[in-house]
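Taking the UniProt record's numbering, the leading residue of the sequence shown gets 1, the next gets one more, and so forth. Just below is one structure, and these are the notes that go with it.
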Amino acid sequence: MSTTDTEPNELDDPDEIAKSTGKPAKKKRFFGWNIVAASALMNGFGGSVHWQGFTVFFIPISQSLGLSAAQTAIPFSLSRVENGLVGPVTGWLIDRYGVRRLMLIGTPLVGIGYILLSQTSTFFSFLLVYIFVISLGASTSFMQASTTALNTWFSRRRGMVMSINSAAFRLGGAFMVPLLSVAVLRWGWETAALWVGIGMLVFITPLAVVFRRSPESMGVGPDGDPVKADLKELDVDHGEIPDSDDDWTAKDAVRTRAFWTLAAGTVLRMSVHGTIFVHFVPILVWKGETQQMGANLIGLLALVSVPLILFFGWFSDKVGRPILLFGCYISAASSLALLNIVDGTWPIFVALILFTGTEIGSGLNWALVGDLFGRKRFGTIRGLLSPIYNAALFSMPITAGWVYDQTGSYEIVLWAGTGLMVAAALVFLSIRKPVH
C-alpha cells in the first residue's frame, strides 16, 4: 500500500509541508464551500421554483381545470403525505448511499415530471404526475438532501451554512416567482411548466456531481479542521463519518424528550408556513391586490429576507438557536395578525416583512437537528420528523382552502396561523440538548 493511501493526514498537513520546504504553508481551500455553493444554486433555482412556485400556478390551474380552492390545494397536500411516508426511507438512503446518488435520481425525475405536467388536461392526470413523479423526485433532492450534506461538512459554522442555503432559496424565489408569474400569465401555466422541467434537467441536475460523501473522505474534518479520528480505521472511500459524543442513533433519538419537542415545534411552524405559501397569492388577491402584484410582493419579501437570514444564521452560531427561533416565530405571528387588519399595498408589505421570521427560522430549525443529534445520522433523524410535520402539511392547506370556499375570506385562516406561530415560538424556546 502506498504512502498516499496510509498517511493522508500527514501529506495534507500545512505544518508538515512548511517543515519540508522551509516556506510558509498555504492552507488548502475547504471543499465544503463547494458543497455550500452547489446547494445554494440547486435550491435557489430548482428548489425555489418547485416549493414557492406552486402558489403562482394555483389560480390559473384552478380556472383551467374548473377546480375549487380546496381541490387545487389537494395535489400539494397529498405530496406532503407522500413525502411523509417516504421521508424516513429517503433519509436513511441519503445516509447510507450519499447525497449525490439520490440527487442524480431525484432532480431528473422532477424535470421529467414538470414536462409531463404541461401535457395534462384533467384533474386526475395532474394529480398523478404531481404526486408520483414531481413530488417523489423532490423528496430525494433539494432541501432534505442538501441540508444533510451541509450538516455532514460543517459543525462550528452549521447555522451559517444552513442559512446561506435558506437565503439562496429565498433569493431565488425573489426572482423566480415573479418571472414564473409573468410566464404563466403571458403564455399559460402549461408552457411555464414545460420550461421549468427543461430547466431542471439542463441546469439543476448537473449540480449533483459536485457533492462528496464527507470531509473525512478528503482527509479533513468538518469545517476544514483536522480529523480527530484515525482515518486508517475509517472506510473513507465510502464517506464513513467517525462517531462522536454528539452523535445519536435514530433509535435512541426518538426516545428523547428533545426529539418530540423538536417535532412539535416543527409541526406547528411548518403547518402555518406551508399553508400560507400555498395560499399566498390568493390571500393577497383577497386583500385587493392583483395576481401579478401578489407574486411581486412575495418576490420582494424573499429579497428583503436574504440579508436577515444570513445575519441571524451567523448570529445563531454565537448565541444558540432556541432563543432566536422564539423571536422568529413571534415575529411571524405578528405578521399574520397585522395582515388581517391593514389594507393597501405598502401597509400589507410592511406586515409581510415580519413574516421573514419564519423564513429565518427555516434554516435554524434544520441546524438545530444537527445540534441535538450530531452529524452521522442526520438524514435518518430528519427523515423521521417528516411523517409528523407532513401530516399537518397535508391537512392545513386543504382546510384553509375549504374555509375560504365556505366564507369567501382568509380571516379565520390568518388568526389561526397567528395562534399556531405563538405556540411554535414557545415550544422551540423550551428545547434542551439531550444527554446520553
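We put the beta carbon where it would ideally sit given N, CA and C, even for glycine. Owing to the predicted nature of the structure, the values given are computational and were not obtained by experimental measurement.
Taking Cβ to Cβ, would you say residue i is nearer than 9 Å to residue j?
{"i": "Lys376", "j": "Asp225", "result": "no"}
{"i": "Thr345", "j": "Met293", "result": "yes"}
{"i": "Leu426", "j": "Leu364", "result": "no"}
{"i": "Phe349", "j": "Leu414", "result": "no"}
{"i": "Gly265", "j": "Met162", "result": "no"}
{"i": "Ala295", "j": "Ser181", "result": "yes"}
{"i": "Phe142", "j": "His50", "result": "yes"}
{"i": "Phe54", "j": "Val369", "result": "no"}
{"i": "Pro282", "j": "Gly188", "result": "no"}
{"i": "Asn43", "j": "Asn165", "result": "yes"}
{"i": "Leu102", "j": "Leu93", "result": "yes"}
{"i": "Ser271", "j": "Leu136", "result": "no"}
Excluding five sequence neighbours on each side, which residues of the same chain lie with their C-beta closer than 7 Å to the C-beta of residue i?
{"i": "Ala351", "result": "Ser335, Leu338, Leu339 and Val342"}
{"i": "Arg432", "result": "Ala258"}
{"i": "Thr256", "result": "Pro434"}
State the Cα-Cα distance for the pair residue i and residue j, rounded to the nearest angstrom.
{"i": "Gly419", "j": "Arg212", "result": "42 Å"}
{"i": "Val209", "j": "Ala38", "result": "9 Å"}
{"i": "Asp429", "j": "Phe124", "result": "First, the residue type needs correcting, since residue 429 is Leu and not Asp in the sequence shown. Looking at the two C-alpha atoms, the distance is approximately 43 Å."}
{"i": "Ser331", "j": "Phe378", "result": "28 Å"}
{"i": "Ser118", "j": "Phe58", "result": "14 Å"}
{"i": "Val133", "j": "Gly159", "result": "32 Å"}
{"i": "Leu310", "j": "Thr122", "result": "42 Å"}
{"i": "Leu308", "j": "Ile360", "result": "7 Å"}
{"i": "Ile381", "j": "Leu354", "result": "30 Å"}
{"i": "Gly91", "j": "Gln144", "result": "8 Å"}
{"i": "Tyr329", "j": "Asp245", "result": "31 Å"}
{"i": "Val89", "j": "Met218", "result": "27 Å"}
{"i": "Gly106", "j": "Ile131", "result": "13 Å"}
{"i": "Leu78", "j": "Val227", "result": "43 Å"}
{"i": "Asp317", "j": "Leu372", "result": "14 Å"}
{"i": "residue 438", "j": "Asp247", "result": "Residue 438 falls outside the range modelled here, since the chain spans only 1 to 436, and no answer is possible."}
{"i": "Gly288", "j": "Phe315", "result": "37 Å"}
{"i": "residue 441", "j": "Thr120", "result": "Because the chain spans 1 through 436 in this model, residue 441 falls outside it and cannot be assessed."}
{"i": "Ala183", "j": "Ser64", "result": "16 Å"}
{"i": "Val220", "j": "His273", "result": "37 Å"}
Kindly list the residues whose CB is nearer than 6 Å to the CB of residue i, restricted to its own chain and excluding five residues on each side of it in sequence; keep chain order.
{"i": "Arg100", "result": "Ala208 and Phe211"}
{"i": "Asn390", "result": "Arg80, Asn83 and Gly84"}
{"i": "Gln52", "result": "Gly173 and Val177"}
{"i": "Val86", "result": "Ser139"}
{"i": "Thr275", "result": "Met396, Pro397 and Ala400"}
Excluding the 5 residues flanking residue i on each side, which residues of the same chain have their C-beta closer than 8 Å to its C-beta?
{"i": "Phe45", "result": "Gly172, Met176, Gly199, Phe203 and Ile204"}
{"i": "Pro222", "result": "Gly32, Thr152, Trp153, Phe154, Ser155, Arg156, Pro215 and Arg375"}
{"i": "Val422", "result": "Tyr329, Ile330 and Ala333"}
{"i": "Ser62", "result": "Ser68, Ala69, Gln71 and Thr72"}
Enumerate, from N- to C-terminal direction, the unbroken alpha helix (DSSP H) stretches of 4 or more residues contained entirely within the region 182 to 248. With a minimum length of 4 residues, the continuous alpha helix (DSSP H) runs that stay inside the region 182 to 248 are 189 to 199.
On the three-pair Cβ rule with 8 Å, is the region 300 to 309 touching the region 181 to 192? No, because fewer than three Cβ pairs between the region 300 to 309 and the region 181 to 192 fall closer than 8 Å, the two stretches do not touch.
Can we say the region 395 to 403 touches the region 67 to 74, given the rule of at least three CB pairs closer than 8 Å? yes
My parser needs the beta strand (DSSP E) runs of 3 or more residues fully inside the region 292 to 328; what are they? For the region 292 to 328, not a single whole beta strand (DSSP E) run of length 3 or above is found.
Every unbroken beta strand (DSSP E) inside the region 124 to 184 [3 residues or more]: Those beta strand (DSSP E) runs which fall completely within the region 124 to 184 and span 3+ residues do not exist here.
Whole alpha helix (DSSP H) elements within the region 52 to 111, 4-residue minimum: 54 to 65 and 69 to 97
Whole alpha helix (DSSP H) runs in the region 353 to 431 with 4 or more residues, listed along the chain? 356 to 373, 378 to 407 and 411 to 429
Segments of 3+ residues assigned as beta strand (DSSP E) that fall wholly inside the region 249 to 297: none
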